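Take 1019 as the starting number for the sequence shown in my numbering and just add one per residue.
In this text, a Cβ means the ideal position worked out from N, Cα and C, and glycines have one as well.
Since we're looking at a predicted model, the values are computed, not measured.
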Amino acid sequence: MSLPDHPAALRAQLQSPLASERAMALHALLELADQIAEPALARELHAFADRGVPYFDPEGLAYRAWVARAVALFERAGAAPRREGGRAAPAPAQRVRCEGRLRVARALAHAG
């Protein structure tokens, strides 16, 4: 899956009426978290994505705040240095994060 190339593209995906588009955008954030070299930011991205997509209400303040936070994290991660050599093997503590990825995968399967 390719990462959005611009914060506006991510925002458009997160505000799409299609659940599959929103789930793919969240998955892209997880992919980005695995590529950056700043562990604190990677943890923050994983924690954000592990909560999943909230109730879709594009006019609601809470949903718009969630989208704004996702875009802000995307911008911070875009400016962060990348890991050398690609992905690192997941440590035991990172296996818990896989639950969030399973939720995203299930949402994609259900939306399709």
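Listed as beta-bridge partners of ARG1100 by DSSP are ILE1054. Within the same chain, and ignoring the five residues on either side of GLN1053 in sequence, the residues whose Cβ sits closer than 7 angstroms to its Cβ are ARG1100, ARG1101.
Closest in alpha carbon position to LEU1059, among ARG1029, PHE1092, ARG1082, GLN1033, is PHE1092. Comparing C-alpha distances from PRO1035 to each of GLY1096, ALA1083, PHE1074 shows the shortest one belongs to PHE1074. The beta carbons of ALA1098 and ALA1046 sit no closer together than 8 angstroms.
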